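Asker:
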Amino acid sequence: MKTHVKQLNIRTHKKLQLVDITAEVEEIVRGSDIKNGICLVFAPHATAAIVANEHERGLMEDMLEKISMDYPHNGKWKHNLIDDNAAAHLASAFIGSGRVFPVLDGRLIRGTWQNIFLVELDGPRYSRRVIVEVLGE
Amino acid sequence: MKTHVKQLNIRTHKKLQLVDITAEVEEIVRGSDIKNGICLVFAPHATAAIVANEHERGLMEDMLEKISMDYPHNGKWKHNLIDDNAAAHLASAFIGSGRVFPVLDGRLIRGTWQNIFLVELDGPRYSRRVIVEVLGE
Amino acid sequence: MKTHVKQLNIRTHKKLQLVDITAEVEEIVRGSDIKNGICLVFAPHATAAIVANEHERGLMEDMLEKISMDYPHNGKWKHNLIDDNAAAHLASAFIGSGRVFPVLDGRLIRGTWQNIFLVELDGPRYSRRVIVEVLGE
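So the sequence lines, in the order shown, correspond to chains U, A and Z. First residue of the first sequence: 1, per my numbering; consecutive thereafter. First residue of the second sequence: 1001, per my numbering; consecutive thereafter. First residue of the third sequence: 2001, per my numbering; consecutive thereafter.
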């Protein structure tokens, strides 16, 4: 067994933003020399998340709109008494900051319309990290 | 280390439907000859999801009702300008298309009331795929 | 490759409660003698969940309040005709009962404000189990 780990450093530009990292993740899987295993895509942040879905401009706006509706920035949260980003924390906790994909025959397995996104929930940030870990043999 | 991978092909019959795949997943784990590791259950689809919970008829209807409430089919989504299934995409992105379970002593570990379901969000479909990957030794 | 598995047994005291298990999980990773791999934190329960986020008293109350809002205990669920905990089941299914973290250089990788919590959704319970599985080499 072996592990192959790379870190992406991503600059975000908006309060809420989806960053498509599919190409970077697939490149890391290809470069791993791992034939069969899994790929963990993980954001070590409490105000970001990882999701997989279609890269279609309208849908990407819908995803951010849905997050704004479900986790309103101006909600009456206690965490906002000491900071102003409770909504971002809540979205990160419940959407989740990682996703796991199969790796088979050296390729990341995903659906045709299943791109991988970093979800910025409290940007802009100079550097968001995403750990891409391929594990297998 | 070894990996053991099988693909389930599942026909769905309704717009929203839960398909209990626990028996199939457990059979694959048993047939894997892997004693200790993990089992990734992954749907390579942008309008389906995987969840674990109780197989009780009322609760299964509740889960689908909750999805309909949280992701209404006739919501005013931009993706619906080019397609009609934005709600299904949103539910898939946020619920997640995979779940990971421990495998110990050759058995999948889950709670007594924790069955594994494919969640069809945009059916009916002739063939939904679920990748079941057992990894360990 | 090797796997190192420990089970936490946690007593909960309230209907809804967050239990910070970060120290226990990190101790298990350190004791695993595994340098690189993953750590799966999994609750084998249909009315509990696992999340990662900041251990700040206000935010912890916000997380529970958000769960109460999204999954109201007195909702008109069919499962409540035979039991009284449909809301707990729904929250467990959709939030998810597991989270996966990278393990690098013998350390669990998480963000500075990303503590690991068992989410009790239907307590109090005498013993909730959390499986902590470290897999790698």
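All C-beta atoms in this analysis are idealised placements derived from N, C-alpha and C, irrespective of residue type, glycine included. Just so you know, these numbers come straight off a predicted model, no measurement behind them.
Give me whichever residues DSSP pairs with PHE2101(Z) in a beta bridge.
Answerer: CYS2039(Z)
Asker: Kindly indicate the opening and closing residues of the alpha helix (DSSP H) around HIS1089(A).
Answerer: 1086-1095
Asker: Leaving out five residues before and five after HIS73(U) in sequence, what residues of the same chain have Cβ atoms less than 6 Å from its Cβ?
Answerer: Cβ neighbours of HIS73(U) within its own chain (closer than 6 Å, five residues either side excluded): ALA87.
Asker: Is it buried or exposed, ASP33(U), if we count other Cβ atoms within 10 angstroms and call 16 or more buried?
Answerer: exposed
Asker: Quickly, what does DSSP pair ASN10(U) with across the bridge? List them, please.
Answerer: A small correction: the amino acid at residue 10(U) is Ile; Asn does not occupy that position in the sequence shown. DSSP lists ARG128(U) as partners of ILE10(U).
Asker: Using Cβ-Cβ distances below 9 Å, what residues of the segment 2029-2048 of chain Z are close to chain A?
Answerer: ILE2038, LEU2040, PHE2042, ALA2043, PRO2044, HIS2045, ALA2046, THR2047 and ALA2048
Asker: Which chain Z residues are close to LYS1066(A), counting only those with a beta carbon under 7 Å from its beta carbon?
Answerer: LEU2090
Asker: Is the beta carbon of THR12(U) less than 7 Å from the beta carbon of ARG110(U)?
Answerer: no
Asker: Along the beta strand (DSSP E) that carries ASP1020(A), what are the first and last residues, could you check?
Answerer: 1017-1020
Asker: Pull up the distance between the alpha-carbon of VAL29(U) and that of GLY37(U), whole angstroms please.
Answerer: 10 Å
Asker: Under the DSSP definition of a beta bridge, which residues are partnered with GLU120(U)?
Answerer: GLN17(U) and ALA48(U)
Asker: What residues from chain U crowd round VAL2100(Z), counting only those whose CB sits closer than 7 Å?
Answerer: LEU40, GLY98 and VAL100
Asker: I'd like to know if ARG2110(Z) contacts chain U, where contact means its C-beta is closer than 7 Å to some C-beta of that chain.
Answerer: yes
Asker: Nearest-angstrom Cα distance between ALA2048(Z) and ALA43(U)?
Answerer: 23 Å
Asker: Can you tell me which of the three DSSP states ASN2053(Z) falls into?
Answerer: strand
Asker: Kindly list the residues whose CB is nearer than 7 Å to the CB of PRO1102(A), restricted to its own chain and excluding five residues on each side of it in sequence; keep chain order.
Answerer: Within the same chain, ILE1038 and ILE1109 come within 7 Å of PRO1102(A) by CB-CB distance, once the 5 residues on both sides are set aside.
Asker: Quick check: what's the CA-CA separation for GLN2018(Z) versus GLN114(U)?
Answerer: Note that residue 2018(Z) is Leu in the sequence shown here, rather than Gln. If you take the alpha carbons of LEU2018(Z) and GLN114(U), they lie about 32 Å apart.
Asker: Would you tell me roughly how many angstroms separate the C-alpha atoms of THR112(U) and LEU2016(Z), rounded to the nearest one?
Answerer: 39 Å
Asker: Closer than 8 Å by C-beta to GLY2123(Z): which residues in its own chain qualify, once you throw out the five before and the five after it? Chain order, please.
Answerer: Around GLY2123(Z): THR2012, HIS2013, LYS2014, LYS2015, LEU2016 and GLN2017.
Asker: Measure from the alpha carbon of MET1063(A) to the alpha carbon of each residue in HIS2089(Z), VAL2041(Z) and SER2068(Z), then state which is nearest.
Answerer: HIS2089(Z)
Asker: Look at the alpha carbon of HIS45(U) and the alpha carbon of MET2060(Z), and state the distance between them as a whole number of angstroms.
Answerer: 16 Å
Asker: Could you check if LEU2040(Z) is buried or exposed, using at least 16 other CB atoms within 10 Å of its CB as the buried criterion?
Answerer: Per the 10 Å Cβ criterion, buried.
Asker: Sorted by chain position, which residues of the same chain lie with C-beta nearer than 6 Å to VAL1100(A)'s C-beta, five sequence neighbours on each side aside?
Answerer: ILE1038 and LEU1040
Asker: Listing by chain order, which chain U residues have their CB less than 7 Å from the CB of ASN2053(Z)?
Answerer: ALA46, HIS89, SER92 and ALA93
Asker: List, in chain order, every chain U residue whose beta-carbon is nearer than 8 Å to that of ASP2020(Z).
Answerer: Correct list: empty, because the minimum Cβ distance to chain U is about 13 Å.
Asker: Rounded C-beta distance between LYS35(U) and GLU137(U)? I'm assuming under 8 Å.
Answerer: 7 Å
Asker: Looking at C-alpha atoms only, which residue of ARG107(U), LEU121(U), GLY75(U) and VAL130(U) is the closest neighbour of GLU2065(Z)?
Answerer: GLY75(U)
Asker: In angstroms with no decimal places, state the Cα-to-Cα distance between LEU2135(Z) and GLU27(U).
Answerer: A straight line joining the alpha-carbon of LEU2135(Z) with that of GLU27(U) spans about 24 Å.
Asker: Can you confirm whether ALA2023(Z), when its beta carbon is compared against all beta carbons of chain A, has any partner nearer than 7 Å?
Answerer: no
Asker: Roughly how many whole angstroms lie between the Cα atoms of VAL1119(A) and ILE1050(A)?
Answerer: 6 Å
Asker: Chain B partners of LEU104(U), CB-CB under 7 Å?
Answerer: Protein chains in the displayed structure are U, A and Z, and chain B is not among them.
Asker: According to DSSP, simplified to helix, strand and coil, what is HIS2079(Z)?
Answerer: In this structure, HIS2079(Z) counts as helix in the three-state DSSP scheme.
Asker: Are the CB atoms of ILE2116(Z) and VAL2025(Z) nearer to each other than 7 Å?
Answerer: yes
Asker: My guess is that ASN53(U) and SER1068(A) are in contact by the Cβ rule of under 8 Å, so how many angstroms apart are they, rounded?
Answerer: Not a contact, Cβ separation roughly 19 Å.
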